[in-house]
Every structure is written in structure tokens, then in C-alpha cells.
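S.K.:
In the working numbering, the protein residues as written are 1 to 256.
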């Protein structure tokens with residue numbers, strides 16, 4: 001059991017300090033769902049990344065222990081201008097109850113796709129097929145840093161993005177979650193899609209709240225339901241890997 005929280009201010013100017021405070025307040029309310037570790041991901045550049053496409057760096061802050069330990073960790077961060085103002089900014093956060101992997105900083109969320117933090121994700125739930133996908137991704141050259149099932153999701157999204165750079169953020173996430181088995185709620189942030197947030201769920205609760213002066217904006221908030229887009233292409237490739245790695249007889253095409 002874990003708690004996830006995300007905050008997106010859309011053309012509502014907020015200082016970085018305000019964004020962090022909102023994220024930490026959200027995590028404190030979710031802390032009963034996990035207090036082994038906590039973490040957040042925010043824009044780390046001291047520029048407004050929504051307006052400056054060349055500065056889209058994502059900063060990940062993770063700490064073993066309660067949310068207060070995370071707060072102290074962020075407070076000690078160097079070169080993080082708390083006064084920079086964002087008109088559009090996406091931040092995600094997580095409190096962890098350890099299931100896969102011991103309580104330590106490397107296993108805390110958000111989990112990342114690579115050292116550049118191209119894609120980061122927070123996750124509540126359990127993936128039942130993460131070992132299969134991890135083996136496939138390792139064969140493709142991806143290096144893993146943690147013991148968590150969640151890191152598989154971040155790296156799978158990265159893997160798909162590298163082959164479909166013309167896809168929208170939503171399309172990439174949608175294609176990735178089609179490969180996942182289990183129950184989960186997820187929130188994603190990416191340096192390639194500044195100011196955008198994608199959330200998804202299957203079998204786990206996920207609440208979306210919208211504060212707006214415009215009723216039209218609220219009524220037209222996009223919600224998509226699962227489709228079969230991309231299932232065949234990627235699942236067949238993963239199945240081919242599994243057949244190869246599980247075929248003890250040396251005969252290709254073994255059913256699994």
C-alpha cells in the first residue's frame with residue numbers, strides 16, 4: 001500500500017516553494033498509506049520550463065523515512081531557487097510502504113527511466129508480470145538501479161518513447177500500461193513533455209480534483225478509457241523474448 005499525489009498548476013503562477021509545499025501537504029495527508037520513504041519530482045531548472053523548451057530538467061528528491069525527512073532533504077538542496085515562478089508546472093509525489101525492495105533511498109519513488117530523469121513515475125499497487133518485462137528490457141540494454149517493480153514502468157515508457165518520439169505523452173503511457181498486469185494507480189512526469197501530467201489506473205482508486213473558475217474547463221477535462229492501441233506490437237515482442245528465455249528444449253515457438 002502506497003500513497004500517490006500529483007499537482008498541476010495550469011496558467012496559475014506559483015513559486016517553486018509553493019509547489020513543493022502543496023506536494024508535501026498532499027503527501028502528509030497520504031502518509032498513513034506508507035511511511036517507509038517519501039519522494040517528489042519537480043522541474044529542477046531555475047527557469048520557467050513551460051516557456052523555455054531548452055530547460056526541461058526534472059529533479060527527483062527521495063528519502064527513507066517520513067515526509068518530514070524528505071522536507072529536510074529538499075531544504076538542504078543546493079542551487080534550487082525557491083522563488084522562481086511557474087505559470088505551468090507539474091509535480092508528483094509518493095509515500096511508500098515497501099513491498100518490492102527494502103526501505104532505502106534507491107527504492108523510494110518517484111522511480112526514473114534513466115539518470116537524465118526523462119520519465120519519472122509514482123505507483124500504488126503491484127505488478128504481477130514485472131519480472132518478465134524487466135528481463136525483456138534488460139535484454140534491450142536497460143540498466144536497473146532499484147529492487148522495485150515500479151522501475152520497470154519508467155523504463156518501459158522510455159523504451160516506447162525511443163521508438164515513437166512523435167507520440168503524445170498520453171499515447172506513450174497508454175501503450176505502456178497495456179503491457180502491465182496487476183492492479184495499480186500511476187502518475188507520470190517527463191522532461192520531454194514539460195507542464196504535462198498523465199495519470200492512469202487499473203483496479204486501484206485514483207481521484208482527480210479540478211479547481212477552475214470556468215465550468216467549461218472542468219466539463220472538458222480529458223479522460224480516456226483503455227483501448228487495444230499498441231497491444232499486439234509490444235506484447236508479441238515481449239512474448240517472443242519469454243519463449244526464447246523459457247525454452248529449455250532448444251525448440252523455438254514453445255507455448256508458455
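C-beta: ideal position from N, C-alpha, C; glycine also.
(1) For a minimum of 3 consecutive residues, which ranges assigned as the beta strand (DSSP E) are wholly contained in the segment 178-210?
(2) Does DSSP put residue 238 in a helix, in a strand, or in coil?
(3) Give me the Cα-Cα distance between residue 2 and residue 199, rounded to the nearest whole angstrom.
(4) Tell me the DSSP secondary structure of residue 150 in three-state form.
(5) For residue 10, write down the residues that DSSP places opposite it in a beta bridge.
(6) Can you tell me whether residue 150 is buried or exposed? The criterion is at least 16 other CB atoms within 10 Å of its CB, across all chains shown.
(7) Considering only their Cβ atoms, is the gap separating residue 4 from residue 124 smaller than 7 Å?
(8) Under 8 Å Cβ to Cβ from residue 158, same chain only, skipping five residues before and after it: list those, please.
(9) Do you know whose CA, among 38, 75 and 163, lies nearest residue 65's CA?
(10) Taking only the alpha-carbon atoms, compute the straight-line gap between residue 19 and residue 179 and give it to the nearest angstrom.
(11) From this set, 148, 33, 153 and 192, which residue's C-alpha is nearest residue 166's C-alpha?
(12) Count the other C-beta atoms from every protein chain shown that fall within 10 angstroms of the C-beta of residue 95, then say buried if there are 16 or more, exposed otherwise.
(13) Starting from residue 68, trace the alpha helix (DSSP H) both ways and give me its first and last residue.
(14) In whole angstroms, what separates the C-alpha of residue 50 from that of residue 137?
(15) Below 6 Å CB to CB, which residues in the same chain sit around residue 107 once its five sequence neighbours on both sides are set aside?
(16) Could you tell me whether the Cβ atoms of residue 6 and residue 127 are closer together than 7 Å?
(17) Is residue 170 near residue 185, with beta carbons less than 7 Å apart?
(18) Residue 188: which of 74, 181 and 60 sits nearest, CA to CA?
(19) Could you work out which residue in 58, 87 and 26 is closest to residue 272 when comparing CA atoms only?
(20) Quick one: residues in its chain with C-beta nearer than 7 Å to the C-beta of residue 176, no 5 flanking neighbours on either side, listed in chain order?
(21) Just mark residue 139 as buried or exposed, buried being the case when its beta carbon has 16 or more other beta carbons within 10 Å.
(22) Is the CB-CB distance between residue 181 and residue 129 below 7 Å?
(23) Pick from 9, 82 and 213: whose alpha carbon is nearest that of residue 90?
(24) What residue from 40, 162 and 209 has the CA that sits closest to residue 92's CA?
(25) Rounded C-beta distance between residue 105 and residue 62? I'm assuming under 8 Å.
(26) In terms of residues, what are the limits of the alpha helix (DSSP H) holding residue 43?
(27) Per DSSP, which one or two residues make a beta bridge with residue 19?
M.R.: Once the coordinates are examined:
(1) 182-190 and 198-202
(2) Unreliable positioning characterises residue 238 in this predicted model, as indicated by a pLDDT of 49, which lies under 50. The coordinate reading is nonetheless provided below. Looking at residue 238 - three-state DSSP - the assignment turns out to be helix.
(3) 15 Å
(4) Helix.
(5) DSSP lists 88 as partners of residue 10.
(6) buried
(7) yes
(8) 113, 114, 118, 119 and 142
(9) 38
(10) 33 Å
(11) 192
(12) Its Cβ being crowded by 16 or more others within 10 Å, residue 95 is buried.
(13) Bounds of the alpha helix (DSSP H) holding residue 68 are 67-75.
(14) Bear in mind that the predicted position of residue 50 carries a pLDDT of just 47, short of 50, making it too unreliable to give a figure here.
(15) Excluding sequence neighbours, residue 107 sits near 101, 146, 147 and 148.
(16) Between residue 6 and residue 127, the C-beta gap is not smaller than 7 Å, which leaves the two residues out of contact.
(17) no
(18) Minimum Cα distance to residue 188 is reached at 60.
(19) There is no way to answer for residue 272, as the model of the chain reaches only from 1 to 256.
(20) 153, 156, 157 and 160
(21) exposed
(22) yes
(23) Selected option, being the one with the closest Cα: 9.
(24) 40
(25) 5 Å
(26) From DSSP, residue 43 is part of no alpha helix (DSSP H) but of the beta strand (DSSP E) over 37-43.
(27) DSSP lists no partner for residue 19.
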